[in-house]
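Peer 1: In the working numbering, the protein residues as written are 389 to 586.
Here you go, one structure.
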Ligand SMILES: [Zn+2]
C-alpha cells in the first residue's frame, strides 16, 4: 500500500486525458524524485492556471479583464470568429492566417443534454454586433451540435453581418481541434455563406 499522499497524487494524474493507472504511477514516482524546488514550481503552475478566467468581451482565457487578442488594436476589428472552446481558438490562432477577433461560446447547443442557447455565451456575441462588424465566421464542430448551433446563431444574427461557416472539409462528427492544420486551413480559406436555413 502506498502512503495516502502518494496514492492521491496518482489518482489526480489518472484524471488527465490518456493517462492510465500505470502511467500515473510512473509520473507520480518521477515527481516524487524531483528536487523540492521543482515540485513547488509544478504546484505553483497549477495554482496560477486555476486563476485564469473568461475574457469579459470574448470569453477567451485571460489573466486580467480582457484577453490579449481583444486588447490588440492591430487585429482586424471587422471580423469575429465564433468557436466552441478556447482550445479551438488556439487551433485557429496557430494557423497564423486569421487576424480578426474571436468569440468563445463555451459549448454547443445540445437539447438532449439540456444545453440551451441561454447556457452559452451567445447573448454577449449579439451585443458585439456593431456596424463595424462585417463578417461572423462560425468555426464550430462538424457534428449535429455544431450544425444546430451554427443555424441558431445565423438566424439570431441575420442581417447584422455576413455570416459564414467553414467549408465542409472537416469529416462529419469531427471535432474542430482534432483536424490537422492543413485541413483546418483549407476549411477556413474555403468558408461559405451560412444562410440560416441549413
Ligand atoms: Zn477577449
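Glycine included, C-beta positions come from ideal geometry on N, C-alpha and C.
Does residue 518 come out as helix, strand or coil in the three-state DSSP assignment?
Peer 2: For the purposes of this step, residue 518 is taken as the residue at position 130 of the chain shown. It is coil, neither helix nor strand.
Peer 1: So, helix, strand or coil for residue 465, using DSSP?
Peer 2: Counting from 1 along the chain shown, the entry for residue 465 is found at position 77. Residue 465: coil per DSSP, three-state reduction.
Peer 1: Secondary structure at residue 402, three-state DSSP: helix, strand or coil?
Peer 2: Taking the chain shown and counting its residues from 1, one reaches residue 402 at position 14. Three-state DSSP puts residue 402 in a helix.
Peer 1: Got a sec, what are the start and stop residues for the alpha helix (DSSP H) residue 543 sits in?
Peer 2: The sequence position of residue 543 within the chain shown is 155, counting from 1. That run of the alpha helix (DSSP H) goes 532 to 544.
Peer 1: Label residue 434 either buried or exposed according to how many other C-beta atoms from any shown protein chain fall within 10 Å of its C-beta, with 16 as the threshold for buried.
Peer 2: The sequence position of residue 434 within the chain shown is 46, counting from 1. Result: exposed.
Peer 1: Name, in chain order, the residues that DSSP records as bridge partners for residue 552.
Peer 2: In the chain shown, the residue the question calls residue 552 occupies position 164. The beta-bridge partner set that DSSP reports for residue 552 consists of 525, 581.
Peer 1: Rounding to the nearest angstrom, what Cα-Cα distance links residue 463 and residue 485 in this structure?
Peer 2: Numbered from 1 along the chain shown, position 75 holds the residue referred to as residue 463. Numbered from 1 along the chain shown, position 97 holds the residue referred to as residue 485. Computed Cα separation, rounded: 12 Å.
Peer 1: According to DSSP, is residue 586 helix, strand or coil?
Peer 2: By one-based count along the chain shown, residue 586 stands at place 198. Because residue 586 sits at a pLDDT of 42, beneath the cut-off of 50, its placement in the model cannot be relied upon, and the following sentence gives the value as read from the coordinates. Here residue 586 sits in coil by DSSP.
Peer 1: Got a sec, what are the start and stop residues for the beta strand (DSSP E) residue 489 sits in?
Peer 2: On the chain shown, residue 489 is found 101 positions in, with the first residue counted as 1. Run containing residue 489: 489 to 492, per the beta strand (DSSP E) assignment.
Peer 1: So residue 524 and residue 545 are supposed to be a Cβ contact under 8 Å. How far apart are they, rounded?
Peer 2: Residue numbering aside, residue 524 sits at position 136 when the chain shown is read from its first letter. Residue numbering aside, residue 545 sits at position 157 when the chain shown is read from its first letter. Indeed, because the Cβ distance is near 6 Å, the residues count as touching under 8 Å.
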